[in-house]
Every structure is written in structure tokens, then in C-alpha cells.
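**Q**
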Amino acid sequence: MPAPTPAEVAYLDHAATTPMVPEALATTTELMHRLGNASSLHASGREARRVVEESRETLASTVGARPSDVIFTSGGTESDNLAVKGLFWARRAADPRRRRILAAAVEHHAVLDPLHWLAQHEDAEVELVGVDRLGRLDVDALRAAVERDPESVAAVTVMWANNEVGTVQPVRQVVEVAAAHGIPVHTDAVQALGQVPLDFADSGVDAMTLSGHKVGGPVGVGALLVRRELDLVPVLHGGGQERDVRSGTLNVPAIGGFAAAVERAGADQPDTAETLAALRDDLVARVRAVVPDAVLNGDPRSDVERRLPGNAHLTFPGCEGDLLLMLLDAHQVACSTGSACSAGVPRASHVLLAMGRDERSARGSLRFSLGRSSTAHDVDRLVDVIGPAVERARAAGRLSRKER
Amino acid sequence: MRVIAAMSGGVDSAVAAARAVEAGHDVTGVHLALAKNAQSYRSGARGCCTLEDSRDARRAADVIGIPFYVWDMAERFHDDVVEDFLDEYAAGRTPNPCLRCNERIKFEAVLERALALGFDAVVTGHYARLETGPDGLVQLHRAVDAGKDQSYVLGVLTQDQLRHSLYPLGDTPKPRVRAEAERRGLSVSAKPDSHDICFIADGDTAGFLRRRLGETEGEILDEAGQVVGSHDGTYGFTIGQRKGLRIGRPAADGRPRYVLDIEPVTQRVTVGPREALDVDLLEASQARWCGAAPDAPLECTVQLRAHGEELPARVVVEGQQVVVALREPAQGVAPGQAAVVYDGTRVVGSATIDVARRGATMP
């Protein structure tokens, strides 16, 4: 049985990865024909370096940063690790009292897992600050945690927008709380880039994680924006290619494609947000017309200050999310349950649990994420098949409850 | 039909899934995650529950060209198979967990879920054949490859379960299945057969039972009730066992002694001569019939353990009770084992042995 062609699939999983935009594809493939290490001194090296530096300038100007703020990495996970560990080590080295790291309870695993690692191996004290029922950080709780002992806080990290339920976090308020005590703030903006307005300098954060493949660029490239003045201890040691903070031969074709994708995403962002929000609202309304008891998770207000325009996260009471996903997959609708472990065994999402949902309702949830390639036809396809799929997933769900 | 192929990551279930596709079915591959901690179960070649097996199953599905998912059945498996295994041993019985897994997991939990989701059947790589009888009922038969025949561990399935099952390998000898896997480009073609119990990582069943149930020292007695030795716990013993009894004093007649009985409450193990192992009358319960229960004494054969020999017998069903009278005595029969009843190659049904003894006369 041949796999369905991309055009036949209603791809509603742009938060996982996105199709490469033509500019990025053309740039990357063109650069792959070229020879040159950006650290070499000869002509082909200089040519590679020129591509990297032009890409750095393009990226910086699109997201409101200085070129010198940009550290190219292998992607979001590396950027998050570098930010969290690098900031913690540097700040503690400057003052050994700084052992606390404060983070939102709904952070991505690329932030949470380094935090837990630091707690286990580096004597860090990790405090996860709670969120409300919409998934938004409790800023008062963060403030109280900081003010309890500001001298001991190494860093604060709060994502720009949540990858599962799409809730946009009050990053500006987080910065106000932290800046009052000179504490650096990192934000994982992987999901926000291209969907909501993003300006590094204006936001006041000290470090920001970006990823290439979530915005139409290639997989395997990303960036950490770090204010030039801020010290980071490296995670990867070697040639020191990026500001002596990040080592490894620069991935020139990927960096070129990344910059092209970000430039396009930045230019399109206002239009993207408007189009996606309308499509998303339509998706939610029509799914709920078919499945009236489906619950929209996250912030119901659809402006870009509150929610990612491409995100629709729904709980289907009585369903097992992974079985519903499988039934939709069989009808060429691609979506996500939000989190999976290495063996592919579903676990209840820590994000929904932090929002006060119980394990069962957390497991009965699906994320539909729209991107710039999404069309009304994709939504039609979902609406056509969701009703019978939910009925069957419910029958299976009743079975697993009966067993207990 | 729309079918779920249960894919363990081994060669048999991979070929079974491929054959189901070729037979024209709409096949979806599913790997069952049975271990709560995948690392803790038997690894790689011999098991069916590890991350490596999950990957092998996924790769086979890729090659066959079918969708693939992992279903988490760890909790069900723990409750219905592992706990049952422990309970049975604690009660001094000898269970067969593979049989329980077929009864409660593959052809109950998985099958029911599949049906609820709109599928029609579950296909597995078991070596057994299904035929439709003149009465329209589905019959379960032994596989063509007698050495691989798995009808014994499927003997617990009811008509309803059989009706929604597919065993595409029943007519093929194992070497040909391996060759077919190779021909199909399935990388699992050379993977060794799985053996033993998948949830006991090191293969040390006695050690597993000791760790989980705790051990209590006890006495070893002869048939006359004389204490002839002691032991650290009953879990290391099986009925019919001869080696490792560590009895200091030889028997009066100097002949080897065998475990005759294990009594978990008093922790007593009784030993005696080989002929005392002979039993020819089995009382069994928890009968499961593939079709209708036999309503008259049935001249048939029974099999008492996986890959055990076939014994001529007469089976009488008395309500919930099944009495099996063996034509020739059998040895080493323990309560908890399943007696699977055959009429020729056809499985009639099964029952769990409660009592195995020497009968005075045939019923």
C-alpha cells in the first residue's frame, strides 16, 4: 500500500514540524553544493563564513536582535540546554549562593530535563511555578518565589508560548519581576516564532531559544539569542566557533536555510496569525458542532497575546487520545497527543496535569496545530471524520474503564 | 477485513502480518508494550517486550508497508498475567503465563479494543490452524509443523475469540517462515525464537518467585512422612524434579527420589520413587470450550504442557468439573497446568488441573 502523498494528508501537526518553505529549500540545497568550512581562512572558507554572517544578520534583524546576540546551534533542544545549564553554571560561578532556578511547570522537556539534571548532579534547586487553568504562569507565585531570596536565584526560564495548549506566557511581566533583582531570564520561543510578534530586544529577555524546522526551515539548526553582555558556560567544548560558547563546525547549508525561513516567517507573521486564527476558530467550532462535549484547552480568547493562532487543543471526554489519533491517521488526518516516551507509549501530559486536569482527561486530548500550509480543506477533512472516530475511541475507552 | 496484527518484534508475527496484507486484508500493526519498565524485561533475542523488540516490530511494519502503533497494555498484563502467575505459585500451583496472556491480553483486551475501534479481527504469528466446521463453527487445529505447534497455548480461547482470530502461519513449517521473512526483506528473519517467560529478565524463575513472594524454609519428607532433608523455599521445585534436592541421606532402597508433592502452606515438599509420580486421573475446572462442551464421555487425547506429548484419554464433563482419565499413567503433572483436549488435530477445549492422582478404575 503506497503511503498517501502529502497533498492527500490533512497535516494538522505543525507544532511538531513544518514543511520547508521554497526559499529555505532552495537556499539549503544550493549551499550543499558548495565546499567550505566557515572557520577556514582561504577563499572557500571566507565564502562559507560570509553565508553564516549574512544569515546571522538576517535572523537578528527579523527577531529584533543584534547579530552578536546570535549563537547558532543544532536546534531547540541544544539551545535550551545551553541556556539553562550555561546560565546556571555562569551565575553560580560568579556567586555560589545562586543555586535556584525558577521555571514554569509547563515548560518543554528540553527545559525541564536539563533542570532536573542540574538538580540531580549540580546541586541546583529547581522550583517549578504553577499555572492557572488556562495554562498561564502564576506571576504572583513567581514574584513570591523570587522575593523570598533574590540573591539565591541563578536564572528564570519561562517559555514564550506553550507547545501543547498554545497559551502565550506573560514574559514581559516575568522580565519585570526578574530584572528588579538583576536575574537573567531565558525564554523558549520555538513555538512562538512566526506565529506571534517576537522582538528579542523589546521583550527584555536575556536569552531566547529558536528552532529552524518549526518555521519552514531545515531540521537540525536553531539559535540561542543571548545578550552579548551575558556570560554562558559552554555545554559543548571544542573549536569555540560560536563566540567561544558553542563549538562544532558550522552547518552552513542549514544556517542559510534557517535564516531564509525566519525572514519569510517574520515578514508573513501578521498575515499568518490572522489567517491561522480564523482557520483555527473554524476548526474548533466545527469540531465542537460534531462533538458537542469536546473541550477546548488553553485560553479561549484567540488574540495573539493569549494564544498561538495555529493551536487547537481539545479534550474528547471518554476517549483515549492515542486511539483517536490512530483512527484519524487511518483517514489521513495527522495530529498529536502532545507527548510520547521513547517506546511510543503515551503518558498523560505534564502540561494538562499542571493545569489541574486529571490523568484520564489529559489522556483523552489531541493537539491540532495549523501552519502556513494549512487550508480550509484540511479542516473539512478533520470535521468529516472526527465524529465516527470519537464514537469508536469512546467505545474502546469504555472498555478500558470496564476492565478496571 | 480490517485487522490488527499483533507484532512482537519476532519473525513469526512479522510474516503473519505480511501474509494478512497479501490475503487482501487492511492491516494495522500494533506492538504491545507489556512491561512497565521496558528495560526490566527479557532483552533482545529471547523476549518480546523490550525497546529493541518494539523497534524490530516497527521496522517490520515499515517493510510490509502498514501503519504501526504501540499499545500500552502494561497494567493489564501486570494484573492479569504477572499477578496471576505469582498468585498461582503462592497457592502451590504451576501456571502457564503464555496461555493466560493469550486468554486475557491478546485475544481479550487487544481483541475487544480492536473490535470497538472498528476492526474485525486480530492476526498473530501463532502456529495453529483455523477451519470452519460443517456446523459453521470455527475450529482450532494443530499446526502442520508439529515441533512448533502452539494450539496448546491457544486452547483457552472460546468460539467468539476464535471467530475474530487469524493465524496465517499454521500451514507452514518454521524454516519456511524464516526463509519467507528473508525473501520479504524482514530484518528479523534470523532472530532467535523466544523462549521461557518474557517478564523474567534473567530466566531464573525460582529467583523471581523468591524475590517477589519471599522464601520460607521447609522440610523435605518421604512418602512415609519421615523428614529426609530441608529446603530454602518451595519455588525452586517442580513435581517430577529429581536433581538438586540436596537430600543427605539416601533412600532405603538406594533408588533416586523425585518431587511428588509441594504444599505451599506448610512449606512441605514430599519426595518418593519414580513410580509414585504416576497419575492417571485428573480433576480439572475453569473449562473453556472452543465450541459446545462435550455432552457425553469423549474418547480423545489430552496434552498437559506446552510441547508435551499427546496422551490418550477419556474426558467426562460434570457441570463445572472436568474429569480426565488417562489410558496410560503420566508423570510430573502439577495442579495449575492446563489440560488441553484434542479430537484428532482439533482442539476441543481446555481446563485447569486441580488434582492429579492415581485413579482406582477408569470411569
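As you go down the protein sequences, you meet chains F and H in turn.
So for the first sequence, the numbering used here puts the first residue at 31; every next one is plus one.
So for the second sequence, the numbering used here puts the first residue at 300; every next one is plus one.
By construction, the Cβ of each residue, glycine as well, lies at the ideal position given by its N, Cα and C atoms.
Predicted model, so just to flag it, every value in this text is computed and none were measured.
1. In the structure shown, what three-state DSSP assignment does M356 of chain F receive?
2. Report the neighbours of A415 of chain H on chain F: residues whose CB is nearer than 7 Å to its CB, in chain order.
3. List the residues that DSSP assigns as beta-bridge partners of W588 of chain H.
4. Mind reading off the beta-carbon distance from V448 of chain F to A184 of chain F? Whole number of angstroms is fine, and I expect it under 8 Å.
5. Decide if L65 of chain F is buried, meaning its Cβ has at least 16 other Cβ atoms within 10 Å, or exposed.
6. Sort F:D311, F:G351 and F:P227 by Cα distance to A342 of chain F and report the nearest one.
7. Under 7 Å Cβ-Cβ, which residues of chain H neighbour D359 of chain F?
8. Taking its Cβ as the centre, do 16 or more other Cβ atoms sit within 10 Å of T569 of chain H, making it buried, or is it exposed?
9. Given this structure, state the Cα-to-Cα distance separating L580 of chain H from G308 of chain H, to the nearest angstrom.
10. Anything in chain H within Cβ reach of M356 of chain F, meaning under 8 Å, just list it in chain order.
11. Is R318 of chain H close to chain F, meaning its C-beta is less than 7 Å from at least one C-beta of that chain?
12. In whole angstroms, what separates the C-alpha of R428 of chain H from that of D642 of chain H?
13. Using C-beta distances below 6 Å, list every residue in its chain close to N193 of chain F, excluding the 5 sequence neighbours before and after it, in chain order.
14. Chain F beta carbons: is any one of them nearer than 7 Å to that of E411 of chain H?
15. Spatial neighbours of R122 of chain F within its chain, please: C-beta separation below 6 Å, excluding the five flanking residues on both sides.
16. Looking at V639 of chain H: is its Cβ nearer than 7 Å to the Cβ of G513 of chain H?
17. The beta strand (DSSP E) spanning C330 of chain H covers which residue range?
18. In this structure, how does DSSP classify L262 of chain F when only helix, strand and coil are distinguished?
19. Under DSSP, the beta strand (DSSP E) around D517 of chain H begins and ends at which residues?
20. Which same chain residues, not among the five before or five after A419 of chain F, have their C-beta less than 8 Å away from its C-beta?
21. Starting from the C-beta of A392 of chain F, find all residues in its chain whose C-beta is less than 7 Å away, skip the five residues before and the five after it, and write them out in chain order.
22. Express the C-alpha separation of G269 of chain F and A324 of chain F in angstroms, rounding to a whole number.
23. Could you check where the beta strand (DSSP E) with Y641 of chain H kicks off and where it finishes?
24. Name the residue from F:V413, F:S98, F:M238 and F:E181 whose alpha carbon lies nearest to the alpha carbon of H216 of chain F.
25. Since W370 of chain H sits in a beta bridge, which residues does DSSP pair it with?
26. Quick one: which residues of the segment 217 to 242 of chain F get their C-beta closer than 9 Å to a C-beta of chain H? List them in chain order.
27. How far does the alpha helix (DSSP H) with L145 of chain F in it extend, from its first residue to its last?
28. Please look up how many angstroms separate the CB atoms of A500 of chain H and G469 of chain H, rounded, as I've assumed it's under 8 Å.
29. What is the C-beta distance between H396 of chain F and S430 of chain F, in whole angstroms, given that I count them as a contact (C-beta under 8 Å)?
30. What whole-angstrom Cβ distance do A289 of chain F and L89 of chain F have, given they're in contact under 8 Å?
31. Measure the alpha-carbon distance for D179 of chain F versus M189 of chain F and round it to whole angstroms.
32. Where do the N-terminal and C-terminal ends of the alpha helix (DSSP H) with G528 of chain H fall, by residue?
33. Does the distance from the CB of T279 of chain F to the CB of N67 of chain F come in under 7 Å?
34. When the distance is taken between beta carbons, is S241 of chain F closer than 7 Å to G252 of chain F?
35. When you compare only the Cα positions, how much space is there between Q602 of chain H and Q525 of chain H?
**A** Let me lay it out:
1. helix
2. R422, A425, A426 and L429
3. H:G648
4. The displayed coordinates of chain F run from 31 to 434. Any statement about residue 448 of chain F would go beyond what the structure contains.
5. exposed
6. F:D311
7. P366
8. buried
9. 41 Å
10. T327, P366, Y368 and L416
11. no
12. 14 Å
13. A45, H138 and Q221
14. yes
15. R128 and A184
16. no
17. A quick correction: the sequence has His, not Cys, at residue 330 of chain H. Per DSSP, H330 of chain H belongs to the beta strand (DSSP E) from D325 to A332.
18. coil
19. Rather than Asp, the amino acid found at residue 517 of chain H in this sequence is Gly. Looking at the DSSP string, the run of the beta strand (DSSP E) that includes G517 of chain H is G517 to L520.
20. L354, L357, L358 and H361
21. A378, S379, L382 and L383
22. 53 Å
23. A637 to D642
24. F:M238
25. H:L331
26. none
27. H139 to H151
28. Not quite, the Cβ-Cβ distance comes to about 31 Å (not below 8 Å), so this is no contact.
29. It is worth fixing the name first, because residue 396 of chain F is Leu in this sequence and not His. Not really, about 17 Å apart at Cβ, beyond 8 Å.
30. 5 Å
31. 23 Å
32. Counting along the chain, G528 of chain H falls outside any alpha helix (DSSP H), though it belongs to the beta strand (DSSP E) covering V526 to H530.
33. yes
34. yes
35. 34 Å
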